[in-house]
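Down below is the structure, laid out as structure tokens.
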Amino acid sequence: MRRELPDTNKVILPVHGTALIHHILNYYSSQEIFNQFILCLGSDLIQIKSSIENSKNYRNLSWNGISMKMIDTGEDSTATNRINQVLSYIPEDFFFLTYADIISNIDFKKLLSFHGNFAFQITMTLTKAKMPYGRVFINENGQVIGLEEKPILEDLINAGYFILEKSVFSLGEANLEFESEFLPNLIVKKVKFGGYYHNDFWLGIDTYKDYVFLNDNWEI
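What follows is the structure, encoded as structure tokens:
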């Protein structure tokens with residue numbers, strides 16, 4: 142029987158009894174270079190805020206000197222627009238950006254060193270993904286000569302973790318779609334754009350199967 146993800150926002154899906162967003166925040170804070178978080182919220186804002194504010198993890202973060210702002214950035218805003226709305230809350234010249242339905246064990250200190258050493262204005266973390274289907278090989282006579290179960294693709298994909306200099310947001314329109322318009326626009330404008338390859342645990346929660354896999358293989 143085909144199963145679907147629970148009818149709730151993915152960021153508060155329970156993973157080993159704790160909402161996914163808490164795992165993401167805990168992993169960031171464990172690397173001891175982050176103490177300020179901003180959540181750009183839209184749809185399900187009330188549900189997400191309630192889940193976060195009523196959690197033991199939220200109180201623990203506060204006790205550890207970590208601050209969190211939850212900002213209503215509108216239901217239908219593009220990711221670029223959401224980021225533009227919260228730039229004034231960021232005191233530094235750069236910031237980390239993460240999609241809240243992705244989990245990984247990226248070493249953020251190494252990512253930050255990579256970004257700084259090459260003086261990039263934006264750094265995108267990259268990884269390789271599994272093909273969702275197996276491959277079948279046939280010869281010229283239509284005979285099956287090989288099978289390969291869901292191979293790792295050689296092409297790199299966007300892993301959903303970024304470091305961005307705030308200055309790049311003066312180079313494009315605020316309402317551009319982040320991945321399909323804003324980022325390509327930065328390349329056209331010759332912005333120094335880095336790609337940091339992560340060759341370890343990474344998972345995007347797109348399907349029920351992904352969700353089950355994450356719960357069964359929790360590592361970070």
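Numbers given in this note's numbering equal positions in the sequence shown, counted from 1, plus 141. Backbone N, C-alpha and C define an ideal beta-carbon position, used for all residues, glycine too.
Asked                                                                                                                                                                   : Found
Tell me Asp234's beta-bridge partners as DSSP assigns them.                                                                                                             : Paired residues: none, contrary to the question.
Leaving out the 5 sequence neighbours to the left and right, which residues in its chain are closer than 8 Å to Met142 when beta-carbon positions are compared?         : Reliability of the predicted coordinates at Met142 is poor, the pLDDT of 44 falling under 50, and the value obtained from them is presented with this limitation in mind. Excluding positions up to five away in sequence, the list is empty.
Below 7 Å between beta carbons: does that hold for Ile165 and Ser192?                                                                                                   : no
Assess contact between the segment 241-250 and the segment 316-325, defined as three or more Cβ pairs (one per stretch) separated by less than 8 Å. Is contact present? : no
Beta-carbon within less than 7 Å of Ser218's beta-carbon, same chain only, minus the 5 sequence neighbours each way: which residues are those?                          : Gly183
State the Cα-Cα distance for the pair Phe235 and Leu355, rounded to the nearest angstrom.                                                                               : 31 Å
What residue from Ile279, Phe261, Ala241, Glu306 has the CA that sits closest to Phe334's CA?                                                                           : Phe261
With DSSP as the reference, identify every bridge partner of Asp242, one or two as the case may be.                                                                     : Answer by DSSP bridge pairing: none, since Asp242 is not bridged.
What are the start and end residues of the beta strand (DSSP E) that includes Ser218?                                                                                   : Here Ser218 belongs to no beta strand (DSSP E), and DSSP marks it neither H nor E.
Which partner residues does Ala160 have in the DSSP bridge list?                                                                                                        : Pro155
Express the C-alpha separation of Gln177 and Asn258 in angstroms, rounding to a whole number.                                                                           : 23 Å
Using only the alpha-carbon positions, how far apart do Val246 and Trp343 sit?                                                                                          : Inspection of the sequence shows that residue 246 is occupied by Asn rather than by Val. When rounded, the distance between both Cα atoms is 7 Å.
How would you write the range of the beta strand (DSSP E) that Phe278 sits in, first residue to last?                                                                   : 276-279
Which residue comes first and which comes last in the alpha helix (DSSP H) that contains Gln188?                                                                        : 186-194
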